[in-house]
Structures are given as structure tokens and as C-alpha cells.
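Enquirer:
Residue numbers (the working numbering): 849 to 934.
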């Protein structure tokens, strides 16, 4: 991936300000696939993440009591800057 194609992430503080909710949802194209959709305070979809990838990358294990917090922190640190354009 070239430097021009690298994803740039928003600063954590800006992500926290923009995000109102993170919802686990069914992928409309694949009912057996789960996604995490990120919504703004205006209930606008900002972006989505693959559920299994986020769980793995955030280090969430089965029955983890801190799963929600870990997922939220992971997404807040990985919110792409292009969400500001949408």
C-alpha cells in the first residue's frame, strides 16, 4: 500500500466527539456475517467494521466481561478520517 493509500485515523478525542453509538448488526448481504456499525449523534452511519476482525484485533475473548469497552476503545482509535467527508 502506498503512502497515498494508507488509512489515516482521527485523533481519539475527535472520534469520541463524533461517535454516538456502535451497534452490532447483521450484514444485509450475508445473514451469517456480523458487522459493527458506527453512528453519529445525528443517527447517520459513519462506517462499519467486520465483527470477527475487531474482536480479534481488540483482543476480545469469549465471555470477556470487558468486551464492550475493548471494542469501543479499539474503534475510537481506528476511526478513519474519511468519515468527516460523509
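Using N, Cα and C, we set each Cβ at its ideal position, and we do this for glycine too.
Report the rounded CA-to-CA distance for residue 864 versus residue 890, giving the unit in angstroms.
Expert: Rounded to the nearest whole angstrom, the C-alpha separation of residue 864 and residue 890 is 14 Å.
Enquirer: Report the three-state DSSP secondary structure of residue 926 (helix, strand or coil).
Expert: coil
Enquirer: Here's a check: name, in chain order, each residue in its chain whose Cβ is nearer than 7 Å to the Cβ of residue 855, leaving out the five neighbours to either side.
Expert: 928
Enquirer: Of all the options 880, 895 and 908, which has the alpha carbon lying nearest to the alpha carbon of residue 870?
Expert: Out of 880, 895 and 908, the CA that lies nearest to the CA of residue 870 is found in 895.
Enquirer: Under 6 Å Cβ to Cβ from residue 875, same chain only, skipping five residues before and after it: list those, please.
Expert: 881 and 883
Enquirer: Going along the chain, which unbroken runs of the alpha helix (DSSP H) with 4 or more residues stay wholly within the stretch 849-884?
Expert: Listed in chain order, the complete alpha helix (DSSP H) runs (minimum 4 residues) inside the stretch 849-884 are 860-866.
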